[in-house]
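Asks: The sequence shown maps to residues 834 to 1039 in this note's numbering.
Think of the CB as a built atom: it goes at the ideal place given N, C-alpha and C, for glycine as much as any other residue.
Before we start, here is the structure in question, set down as structure tokens.
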Amino acid sequence: MSVTVVDHPLAGHLLTSLRDRATPPAVFRTLAKRLALALVLEALHDLPTAEIDVQTPLETAKGRVLGELVAVPILRAGLGMLEAATELFPEIAVGYIGLERDEASLQPQSYYRKLPPVSGRHVLVLDPMLATGGSGSAGCSAVKGAGEPASIRFVCVVAAPEGVARMQADHPDVPIFTAAVDRQLNDHGYILPGLGDFGDRLFGTE
Ligand code: PRP
Ligand code: URA
């Protein structure tokens, strides 16, 4: 399984502002989307394309077109990354997986699922925080349970080593794309140094 840390200077710059506790939700939302643009582009850099002929005003040229894509944000926080995918790829189909971690057990509780057909398509699972990895792993399992995707890529903003290890154990076929792999989890399952609760900061529910 591969872990790609997107180390473009812009990604580092945006992540620093997201980490900053003084960044208010309105700015946080804008920066999260901007960072997600960089992450999604990197996650799809090796997406297979098909060759077609295209008529220019002068002659026929060879061109390439994208295969079918699906974005699956894990609610709620994954919504902060969705617009990046839909703006870059307007034809992308969108599915939703609702998961919320139980505060005591840290296990993800499923409360919603609506997926488009995934078989033969390339699926991006979007969840900004890969902490214990329970939610990311459950999200990928849900996608696999819905069909036979051509590929699944997991895109997050910050990963913890524990989450990377969980994904490696459960979904070694799913590459991870992230802006950072942080140091560790604290006793409450939060990533250190991290950026706090992404969903709360995105939606102002702190
Ligand atoms: C957060 C985050 C991930 C999950 C990561 O969601 O968005 O989905 O925690 O933790 P894990 O790797 O230990 O499973 P949360 O459950 O807080 O719900 P929210 O997105 O509605 O805020
Ligand atoms: N979910 C978050 O939003 N932040 C963390 O650090 C861990 C899980």
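Contact between the segment 879 to 895 and the segment 913 to 932: three or more CB pairs below 8 Å?
Replies: Contact fails: fewer than three Cβ-Cβ distances are below 8 Å.
Asks: Any chance you could list the residues with Cβ under 5 Å from a heavy atom of the ligand URA, keeping chain order?
Replies: Going along the chain, the residues that qualify are Met-962, Ala-964, Tyr-1023, Ile-1024, Gly-1027, Asp-1030, Phe-1031.
Asks: Within the chosen definition, does the segment 984 to 1000 reach the segment 1014 to 1028 through at least 3 CB pairs nearer than 8 Å?
Replies: Cβ pair count under 8 Å is three or more, so yes.
Asks: On the DSSP bridge assignment, give the partners of Ile-985 in chain order.
Replies: Residue mapping note: residue 985 aligns to position 152 of the sequence shown, counting from 1. Bridge partners of Ile-985: Val-956.
Asks: Given a threshold of 16 other Cβ atoms within 10 Å of its Cβ, counted over all protein chains shown, does Ser-835 qualify as buried or as exposed?
Replies: As a first step, residue 835 is located in the sequence shown; it is residue number 2 there, counting from the start. Answer is exposed; the Cβ neighbour count stays below 16.
Asks: Is Pro-941 near the ligand PRP, going by C-beta to nearest heavy atom under 8 Å?
Replies: For this step, residue 941 is matched to residue 108 along the sequence shown. Yes, the ligand PRP has a heavy atom inside 8 Å of this Cβ.
Asks: Consider the C-beta atom of Gly-1050 and the heavy atoms of the ligand PRP; say whether any pair is separated by less than 8 Å.
Replies: Residue coverage of the chain in this structure runs from 834 to 1039, which leaves residue 1050 outside it and unanswerable.
Asks: Residues in its own chain within less than 8 Å of Cys-973 by CB, not counting five upstream and five downstream?
Replies: Position 140 of the sequence shown, counted from the start, is the residue given in the question as residue 973. Hits under 8 Å: Val-958, Ile-985, Phe-987, Met-1000, Asp-1003, His-1004, Val-1007.
Asks: CB His-955 to CB Glu-884, shorter than 9 Å?
Replies: For the purposes of this step, residue 955 is taken as the residue at position 122 of the sequence shown. For the purposes of this step, residue 884 is taken as the residue at position 51 of the sequence shown. No, these two residues do not count as a Cβ contact at 9 Å.
Asks: Compare the beta carbon distance of Cys-989 and Asp-960 with 9 Å and say whether it is the shorter of the two.
Replies: Numbered from its first residue, the sequence shown carries residue 989 at position 156. Numbered from its first residue, the sequence shown carries residue 960 at position 127. Yes. Within cutoff.
Asks: Check whether the Cβ atoms of Ile-930 and Leu-899 lie closer than 9 Å to each other.
Replies: Here residue 930 refers to the residue found at position 97 of the sequence shown. Here residue 899 refers to the residue found at position 66 of the sequence shown. No, they are not a contact pair.
Asks: Kindly indicate which three-state DSSP category Asp-1015 falls into: helix, strand or coil?
Replies: Taking the first residue of the sequence shown as 1, we reach residue 1015 at position 182. Looking at Asp-1015 - three-state DSSP - the assignment turns out to be coil, as it is neither helix nor strand.
Asks: By DSSP, does Arg-867 sit in helix, in strand, or in coil?
Replies: By 1-based counting over the sequence shown, the position of residue 867 is 34. In the structure shown, Arg-867 sits in a helix (DSSP, three-state: H, G or I).
Asks: In whole angstroms, give me the CA-to-CA distance for Phe-861 and Gln-942.
Replies: Along the sequence shown, read from residue 1 onward, the residue named residue 861 stands at position 28. Along the sequence shown, read from residue 1 onward, the residue named residue 942 stands at position 109. The straight-line gap from Cα to Cα measures roughly 26 Å.
Asks: Tell me Ala-883's beta-bridge partners as DSSP assigns them.
Replies: Position 50 of the sequence shown, counting from 1, holds the residue named residue 883. Partner(s): Val-898.
Asks: Looking only at its chain, what residues have a beta carbon closer than 6 Å to the beta carbon of Pro-890, apart from the 5 residues adjacent to it on each side?
Replies: Within the sequence shown, the letter at position 57 stands for residue 890. Same-chain partners within the cutoff: there are none.
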